[in-house]
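**Q** Residue numbering for the sequence shown is -22 to -1, 1 to 263, as defined by mature numbering (1 follows the signal peptide of the UniProt record, and there is no 0). Note that beta-carbon positions come from the ideal geometry of N, C-alpha and C, so glycine has one too. My questions all concern the structure below.
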Amino acid sequence: MKRLLRLLVAGLLVISLGSVLAGCTNVTQRANTQDTWPKIEKRQRVVIGLDDTFVPMGFRQKSGKLVGYDIDLARAVFKLYHIKADFQSIDWSMNVTELHNGTIDLIWNGFSITPQRQKQVAFSGTYLNNDQVLVTLKKNHITSFAGMQGKVLGAQSGSSGFNDIDAYPKLLKNRIKNHSAIQYDNFTNAFIDLNAGRIQGLLIDSTYANYYIKHQKNPGAYQTTVGSFPKEKFAVGMRKGDTTMRKKINAGLKRLAANGTLAKINEKWFGQNVDTPLLKTQNTQ
């Protein structure tokens, strides 16, 4: 009888595991083949996933209001199609899962194009170029990646910067303490630890770093170092099946570049210090 019960339990576990795997396969297959634009157009609403602490791309002010570069840009694009852009805060390390599950329709939050992500999602054209930079405190006299030898490094979980640490180990991984970065859910907490001396360096997107430092009481206290990581390209992430969505977003971005809206959004959030491929293309036409 005991043996029979064990066999029955084992069988149920196999069936359960098979159902879970089949469910995951179905979700991914649907994400890769289903074009949801007709549904989005009908309900006149699209849900965009973001980390709402990612200054200045998308973040909450003290009042709780959601603002940012990507917020303005997404709203401007979908306004062209009379569709409301709603924003859903997510665990950034689960962004692709949320997208495939249908919890969100897009990932639009300083989302960098990487070979690993391209296997899972489709991308719009690049709308902003970005660098990974090392931020340190000047008082610690770390002026290069080599200066992080034996020091503690921080990075955001699931970020392209965190992935770069493993992809290019000679630049930082082989130098830092324990050959591993401290992972943070968001950069706000990482900066708190940097300022407190719990970490000595932070690998972070230049867009976030420049904005954060600019708005500190003493911007001169920070050192920003650009290393040899490849330049990053910010784009909108979407399900591979959403081919119509991709065409609409790309067309919308080009229209905003042509009518001056993109330049105004750039000026609002970055001033003149921004690398926007769409405007470069516009200026050469």
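Note down, in chain order, each residue of its chain lying with its Cβ closer than 6 Å to the Cβ of Thr239, except the 5 sequence neighbours on either side.
**A** The count along the sequence shown starts at 1 and reaches residue 239 at position 261. Excluding sequence neighbours, Thr239 sits near Ala54.
**Q** Quick check: the Cα distance between Leu150 and Met216, rounded to an integer number of angstroms?
**A** As a first step, residue 150 is located in the sequence shown; it is residue number 172 there, counting from the start. As a first step, residue 216 is located in the sequence shown; it is residue number 238 there, counting from the start. Roughly 31 Å between the two C-alpha positions.
**Q** Taking the beta strand (DSSP E) that Lys211 falls in, what are its first and last residues?
**A** For the purposes of this step, residue 211 is taken as residue 233 along the sequence shown, with counting starting at 1. Residues Glu210 to Phe212.
**Q** In chain order, what residues of the same chain lie with their CB nearer than 6 Å to the CB of Ile68, ignoring the 5 residues before and after it?
**A** What you label residue 68 is simply residue 90 of the sequence shown in a count that begins at 1. Cβ within range, chain order: Gly27 and Glu76.
**Q** Taking Cβ to Cβ, would you say Asp30 is nearer than 7 Å to Arg38?
**A** Counting from 1 along the sequence shown, the entry for residue 30 is found at position 52. Counting from 1 along the sequence shown, the entry for residue 38 is found at position 60. Against a cut-off of 7 Å, the Cβ pair of Arg38 and Asp30 comes out as a contact.
**Q** Between which two residues does the beta strand (DSSP E) harbouring Arg233 extend?
**A** Within the sequence shown, numbered from 1, the residue matching residue 233 stands at position 255. Element bounds for Arg233: not the beta strand (DSSP E) but the alpha helix (DSSP H), Thr221 to Asn237.
**Q** Going by alpha carbons, who is nearest to Ile143 out of Gly88, Ile182 and Asn228?
**A** For this step, residue 143 is matched to residue 165 along the sequence shown. Ranking Gly88, Ile182 and Asn228 by Cα distance to Ile143 puts Ile182 first.
**Q** Please look up how many angstroms separate the CB atoms of Tyr105 and Ser135, rounded, as I've assumed it's under 8 Å.
**A** Taking the sequence shown and counting its residues from 1, the one referred to as residue 105 is at position 127. Taking the sequence shown and counting its residues from 1, the one referred to as residue 135 is at position 157. With a Cβ gap of about 24 Å, Tyr105 and Ser135 do not count as contacting.
**Q** Report the CB separation of Trp86 from Thr222 in whole angstroms; it is logged as a contact under 8 Å.
**A** If you number the sequence shown from 1, residue 86 lands on position 108. If you number the sequence shown from 1, residue 222 lands on position 244. About 17 Å separates the two Cβ atoms, so there is no contact after all.
**Q** Tell me, which residues are paired with Arg38 by DSSP?
**A** Sequence index remark: in the sequence shown, residue 38 carries index 60 (1-based). Answer by DSSP bridge pairing, in chain order: Leu44.
**Q** What are the boundary residues of the alpha helix (DSSP H) that includes Arg95?
**A** The residue labelled residue 95 in the question sits at position 117 within the sequence shown. Residues Pro93 to Gln96.
**Q** Measure the alpha-carbon distance for His60 versus Gly230 and round it to whole angstroms.
**A** Position 82 of the sequence shown, counted from the start, is the residue given in the question as residue 60. Position 252 of the sequence shown, counted from the start, is the residue given in the question as residue 230. Using only the alpha carbons, I get a separation of about 12 Å.
**Q** Starting from the C-beta of Asn228, find all residues in its chain whose C-beta is less than 8 Å away, skip the five residues before and the five after it, and write them out in chain order.
**A** By one-based count along the sequence shown, residue 228 stands at place 250. The answer, listed in chain order, is Ser102 and Gly103.
**Q** Look at the alpha carbon of Gly205 and the alpha carbon of Asn173, and state the distance between them as a whole number of angstroms.
**A** Sequence index remark: in the sequence shown, residue 205 carries index 227 (1-based). Sequence index remark: in the sequence shown, residue 173 carries index 195 (1-based). The straight-line gap from Cα to Cα measures roughly 21 Å.
**Q** May I have the straight-line CA-CA distance separating Val111 from Ala168, to the nearest angstrom?
**A** Translated into the one-based positions of the sequence shown, residue 111 becomes position 133. Translated into the one-based positions of the sequence shown, residue 168 becomes position 190. Taking the straight line from one Cα to the other gives about 14 Å.
**Q** Tell me which residue opens and which closes the alpha helix (DSSP H) that Val74 is part of.
**A** For the purposes of this step, residue 74 is taken as residue 96 along the sequence shown, with counting starting at 1. Where Val74 is concerned, the enclosing alpha helix (DSSP H) stretches over Asn73 to Asn79.
**Q** With which residues is Lys155 paired in a DSSP beta bridge?
**A** Here the question's residue 155 lines up with position 177 in the sequence shown. Answer by DSSP bridge pairing: none, since Lys155 is not bridged.
**Q** Which residues share a DSSP beta bridge with Met216?
**A** For the purposes of this step, residue 216 is taken as the residue at position 238 of the sequence shown. Met216 pairs with Leu84 and Ala100.
**Q** Under the assumption that Leu131 contacts Ile154 (Cβ atoms under 8 Å), give the Cβ distance between them as a whole number of angstroms.
**A** Position 153 of the sequence shown, counted from the first residue, corresponds to residue 131. Position 176 of the sequence shown, counted from the first residue, corresponds to residue 154. Confirmed, Cβ separation roughly 4 Å.
**Q** Classify His78: buried if its beta carbon has 16 or more other beta carbons within 10 angstroms, exposed otherwise.
**A** By one-based count along the sequence shown, residue 78 stands at place 100. Classification for His78: buried.
**Q** Using 8 Å as the cut-off, can you tell me whether the segment 81 to 95 makes contact with the segment 191 to 207, which would need three or more C-beta pairs spanning the two stretches below that distance?
**A** They do not touch, by the three-pair rule.
**Q** Span of the alpha helix (DSSP H) holding Ser138?
**A** Position 160 of the sequence shown holds residue 138. Residues Ser138 to Ala145.
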